[in-house]
Amino acid sequence: MQIGVDTQRAVENKRIFVIDDDDVSGIALQFMLADENETHVFGELDAALDKASAWPPQLVLLGHGLCGGREGGLIAHLRANLGGAKILLVCDAASAPDVAALRAYGADGLLTRPLDLATVRRKVDAQLGRRTPLGIPLVVR
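According to full-length UniProt numbering, the sequence shown holds residues 1 to 141 in order.
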């Protein structure tokens, strides 16, 4: 099923790896992104790195639960093995105050749960260098 798919983006073939030990979150992200991107879901880092040797991704969505308190080392390891791939951390809203610390580790951005289709696609498109619509809220008094 395709929801709001831009055909120009669908033929670009950008590769995204979702690396998350939370199966529900990983499958949800794959569903949200599969229409416009080549999306692969992995439950373990080693499986993703094996696949990346043949098919390097442009973007990695890394589950915060998989990090287990070693975000800095894990992100550095991904950077060393995946070259120029961008990294977005996927975490719960409760973990979001640690954004500055996560950015210091080298993450390019953050996706917070609960995941929303429009927000996920907008942040992913921005990391992939695609044009994204700018939403400015209008307040009427």
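Glycine is no exception: its CB is placed at the ideal position from the N, C-alpha and C atoms.
Item, Value
"Counterpart residues of valine 139 in DSSP-defined beta bridges", "Paired residues: none, contrary to the question."
"DSSP-derived helix/strand/coil call for glutamate 36", "coil"
"Alpha-carbon spacing of valine 60 relative to cysteine 91, whole angstroms", "14 Å"
"DSSP three-state assignment for residue 145, whether helix, strand or coil", "There is no way to answer for residue 145, as the model of the chain reaches only from 1 to 141."
"Beta-carbon proximity list for glycine 72, same chain, < 6 Å, skipping 5 on both sides", "Tyr105"
"Terminal residues of the beta strand (DSSP E) in which leucine 61 lies", "59-63"
"Buried versus exposed, by CB contacts within 10 Å (16 or more), proline 137", "exposed"
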